[in-house]
Structure formats: C-alpha cells, structure tokens
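Chemist: Once you've had a glance at the structure underneath, I'll fire off some questions.
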Amino acid sequence: MKAKAAVFNGAGKPFDIREFEVVKAPSGYGKSELIASGVCGTDLHFMRGTLYVAPPTVIGHEFVGKLTECDENEAAEYGLKPGDNVIADIAVPCGKCLLCRTGDDANCVNMGLTNGGSIDEPPYLYGGYTEINFTPLTNLIKIPDELDPKAVAVFACPGPTVIHAFRLAERANVTINGDTTAVVQGLGPVGCFAVMYLRSLGVKKLYAITAGDNKKREELAKEIGADEVLNITRDGKDAITEKLQNENDGLGVDLCFEASGAPSAVPQGMNFLRNRGVYLIPGQYSNSGGAEIQPQLITFKALQMIGSSQYSVPDVKAYLSFLCGHKQLQKTIIEMGSFYHLSDVNKAFDDAKSGKNVKTLLIK
Ligand SMILES: [Zn+2]
Ligand SMILES: [Zn+2]
-11 MKAKAAVFNG AGKPFDIREF EVVKAPSGYG KSELIASGVC GTDLHFMRGT LYVAPPTVIG
49 HEFVGKLTEC DENEAAEYGL KPGDNVIADI AVPCGKCLLC RTGDDANCVN MGLTNGGSID
109 EPPYLYGGYT EINFTPLTNL IKIPDELDPK AVAVFACPGP TVIHAFRLAE RANVTINGDT
169 TAVVQGLGPV GCFAVMYLRS LGVKKLYAIT AGDNKKREEL AKEIGADEVL NITRDGKDAI
229 TEKLQNENDG LGVDLCFEAS GAPSAVPQGM NFLRNRGVYL IPGQYSNSGG AEIQPQLITF
289 KALQMIGSSQ YSVPDVKAYL SFLCGHKQLQ KTIIEMGSFY HLSDVNKAFD DAKSGKNVKT
349 LLIK
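Positions -11 to 352 (our numbering) are the ones given, in order, by the sequence shown.
Here it is in structure tokens:
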C-alpha cells in the first residue's frame, strides 16, 4: 500500500506530491488516515521564509484523522482504539526542564515535535500534509463520537492556542464575565476562535478589529459573536482607539486579545485598555519587526500583559470540551473551513496566503 504526501521543498518553492510506502505502525505509534489537516500560519511562515524548517519534509501539524492501526493494549492506556477519530498534537514537552516541572509544559525549553522525523526513514509520514500519519499515541487525542471530525479540524490549532492564552489569564486571576468589555484584534483563525470563545464566556460587549476590504469576514465575525466590527482601513486607527477609550465611562476596555500578528496592534491595544486592563498576546508568533510602545502605560495603567505561544495536550482536550459544549457552532465552524484535496496543496497555499479563506484545510 502507498500513501501520498505533500513534500515541502523550502521557502518559495512549490510542494511535490510524492508516494510513500505505508509501513506497520511502530511500537508506541498510531497510524491514522487523513480526514482533514489545516494549513497553519506557521506553515505560511515556512513558505515565506520567516520561520525555518529543513527541507525536504512533510510539514503541517493540524492532522485530524481516523486511527486505523496501533497496538491495542498500548492504545488503551491513552483511551484510544482503532476506529476512533483523533487529533494529533504536535508538542512533545521534555517533562524535565524548569518549565515542564512548574506546570508550563506548553513552553518547554526542549520542546520536541511529532512531525520532525525524516521522510527517508520508515515510517516516513509524521507531518500533517499526508494521507497517512504516524504519531506517538501519547500525542493522539480521541475526538468524542458526538463531534464531526471535520469541524474539529477547522480550529485544531487556533482553538487550543486561544484556550491556552485564556488558561494563562485564569492563572493570573483574571475574571471574565457579564461585565467585561473585550476587543479582539485580527480576524484570522485565531481571532475568529477568540471571538467565539469570548462570546461563550458571556462578555457584555465584544468588539473585533480588522483591516482591509473583507465584508464577508466582518459579517462572519458578527454572526459568531462580535457586537461590532471596527475596520482600521475604513474607520481609521485613531478614531478606533478613541472610541474604545470611551468604553467603561471613559476608562477604556477591560480585555484585549491580540490575534492580528501586526506589531503596530500592540501599542494600539495598550492605548485603549483601561487601568488594570488585561492584554492577552498570542498573536505575535513570528518576528514581523518592531513597534514603538510607551512602557509608561504598562506602569501607569498597571496593565496585565500576558504572552502565550504554544499549547499542550490539556489545551487540545479543553478545545474538544468547548466544541462538545457548543454543538450549535459546528455548522458555522465547518463553513469557515475551505477544504482542498491534498494534491491541490499549492493552490491551497496560494489561497491561504491571499487571506481569502478563514481557514484552509487539506483533505484526501
Ligand atoms: Zn498551527
Ligand atoms: Zn521541558
């Protein structure tokens, strides 16, 4: 038996579709068949050359599939059995470093990755852009039968990314409730999920900030929970800042979630947050340059600025629980996915780069 995979050849180069021999799952691994695998912002960074991974390799880390082969006794330890739908979580924390020992394994300093294996040695297929994937059982999480795995795939990485940021906020004793006025900066996959998540927390007022001309995205943001969408291109940055500073009787907003990745978003957020406002910043994942900030605002307003980058298994589980608790969102979530056949990976990437899709995914 053979399986196709899209091989990444380095920044700026097209993917090749190659066939690989499908081998038996090694001990400790599960073999899964592709259902859907998302194209992440990280993958776009690899293509642009703003993040590096050594080619040739099978990239992608948002694999959702059906577990077809594994040692059943080993799998049972992780609550898995053949036939289960699963998410493959990419992060392999070392378990030994200072961060791992103190409850921050998502920020392990020796983080391993499940998709780092060589395509020249069996079982070859560790990444996301493949018809068959091999992932250690420790990193496979069962998708509850009540969920549509395609819906799960849409936010397989943005969902846990957002949830981890909120988990860190919780650890800082941040409360979010019916009195909270919140802003989400950016309406990519992370921003859209943050809108849904904040809405589910019952915030009083929820703004989303975007830029450029994308009416459809603005309507979508309202459909999934934003009360108002502000557009930097249309409304002007200063006018938006001023409007948000007027919230809470002129104190500013309570919470801001940065999901745009634009360095310039950060000084703006600091400006419209209120005293003791909370700034969650998971959006600045690659180095897109600097921005001038007034550090004085951090002190004077006693801002709570919380960074967040990766996630680990508990966040993926929390994401699945969120979806189980909000099944009414499933249909809309699937509609937010643009699904391409694996063989159309180059077209999928072009469309993902253009920003026209909320979320780009590959299917068999
Ligand atoms: Zn991702
Ligand atoms: Zn560690």
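Every residue gets a Cβ at the ideal spot worked out from N, C-alpha and C, and that includes glycine.
Let me check you understand the geometry: is the CB of Thr30 closer than 7 Å to at least one non-hydrogen atom of ligand 1?
Modeler: Reading the sequence shown from its first residue, position 42 is the one you call residue 30. Thr30 Cβ: within cutoff of ligand 1.
Chemist: Hey, how far is the Cα of Pro137 from the Cα of Gly313?
Modeler: Position 149 of the sequence shown holds residue 137. Position 325 of the sequence shown holds residue 313. The alpha-carbon atoms of Pro137 and Gly313 are separated by roughly 15 Å.
Chemist: Going by C-alpha distance, which of Gln318, Phe143, Asn121 and Lys352 is nearest Asp332?
Modeler: As a working note, residue 332 is residue 344 in the sequence shown. When only C-alpha atoms are compared, the closest one is Lys352.
Chemist: For the beta strand (DSSP E) that contains Ser20, what are its first and last residues?
Modeler: The count along the sequence shown starts at 1 and reaches residue 20 at position 32. Where Ser20 is concerned, the enclosing beta strand (DSSP E) stretches over Tyr17 to Gly26.
Chemist: Do you know how far the Cα of Cys244 is from the Cα of Leu113?
Modeler: Within the sequence shown, residue 113 is the residue found at index 125, counting from 1. Within the sequence shown, residue 244 is the residue found at index 256, counting from 1. In a straight line, the C-alpha of Leu113 is about 39 Å away from that of Cys244.
Chemist: Taking 8 Å as the cut-off, does the stretch 235 to 255 touch the stretch 269 to 282 (at least 3 CB pairs, one atom from each stretch)?
Modeler: At 8 Å Cβ cutoff, the stretches touch.
Chemist: Take the Cβ of Phe337 as the centre, count every other Cβ of all protein chains shown within 10 Å, and call the residue buried at 16 or more, exposed below.
Modeler: For the purposes of this step, residue 337 is taken as the residue at position 349 of the sequence shown. When all chains shown are included, Phe337 counts as buried.
Chemist: Give the DSSP-derived three-state secondary structure of Lys210 in the structure shown.
Modeler: Mapped onto the sequence shown, residue 210 falls at position 222. Helix.
Chemist: To the nearest whole angstrom, what separates the beta carbons of Leu128 and Val74, a pair I think is in contact under 8 Å?
Modeler: If you number the sequence shown from 1, residue 128 lands on position 140. If you number the sequence shown from 1, residue 74 lands on position 86. With a Cβ gap of about 4 Å, Leu128 and Val74 count as contacting.
Chemist: Please list, in chain order, all residues of the same chain as Glu216 whose beta carbon is under 7 Å from its beta carbon, the five residues on each side excluded.
Modeler: Indexing the sequence shown from 1 puts residue 216 at position 228. Excluding positions up to five away in sequence, the list reads Tyr195.
Chemist: Using the C-alpha atoms, what's the distance from Cys145 back to Gly29?
Modeler: Numbered from its first residue, the sequence shown carries residue 29 at position 41. Numbered from its first residue, the sequence shown carries residue 145 at position 157. Going by the C-alpha atoms only, they are around 10 Å apart.
Chemist: Going by other Cβ atoms of all chains shown within 10 Å of its Cβ, with 16 needed for buried, is His33 buried or exposed?
Modeler: Taking the sequence shown and counting its residues from 1, one reaches residue 33 at position 45. By the neighbour-count rule (16 or more Cβ atoms within 10 Å), His33 is buried.
Chemist: What separation, rounded to the nearest whole angstrom, lies between the Cα atoms of Asp223 and Gly265?
Modeler: Within the sequence shown, numbered from 1, the residue matching residue 223 stands at position 235. Within the sequence shown, numbered from 1, the residue matching residue 265 stands at position 277. Taking the straight line joining both Cα atoms gives about 24 Å.
Chemist: Please classify Asn259: is it buried, with 16 or more other beta-carbons within 10 angstroms of its beta-carbon, or exposed?
Modeler: Looking up residue 259 in the sequence shown gives position 271. Label assigned to Asn259: buried.
Chemist: How about Thr(-10) and Phe8: do their beta carbons lie closer than 8 Å?
Modeler: What you label residue -10 is simply residue 2 of the sequence shown in a count that begins at 1. What you label residue 8 is simply residue 20 of the sequence shown in a count that begins at 1. The identity of residue -10 in the sequence shown is Lys, whereas the question assumes Thr. Yes, Cβ-Cβ distance for Lys(-10) and Phe8 is below 8 Å.
Chemist: Less than 6 Å between C-beta atoms, sequence neighbours within five positions excluded: which residues of the same chain meet that for Leu285?
Modeler: The residue given as residue 285 occupies position 297 in the sequence shown. For Leu285, where only same-chain residues beyond five positions count, the Cβ hits under 6 Å are Met258.
Chemist: Taking contact to mean 3 or more Cβ pairs, one atom from each stretch, closer than 8 Å, check whether the stretch 289 to 299 and the stretch 89 to 96 are in contact.
Modeler: Yes: at least three Cβ pairs fall under 8 Å.
Chemist: Between which two residues does the alpha helix (DSSP H) carrying Pro177 extend?
Modeler: What you label residue 177 is simply residue 189 of the sequence shown in a count that begins at 1. Unbroken alpha helix (DSSP H) run through Pro177: Pro177 to Ser188.
Chemist: Would you kindly work out how many angstroms separate the C-alpha atoms of Asn103 and Phe310, rounded to a whole number?
Modeler: Numbered from 1 along the sequence shown, position 115 holds the residue referred to as residue 103. Numbered from 1 along the sequence shown, position 322 holds the residue referred to as residue 310. Straight-line Cα distance between these residues: approximately 26 Å.
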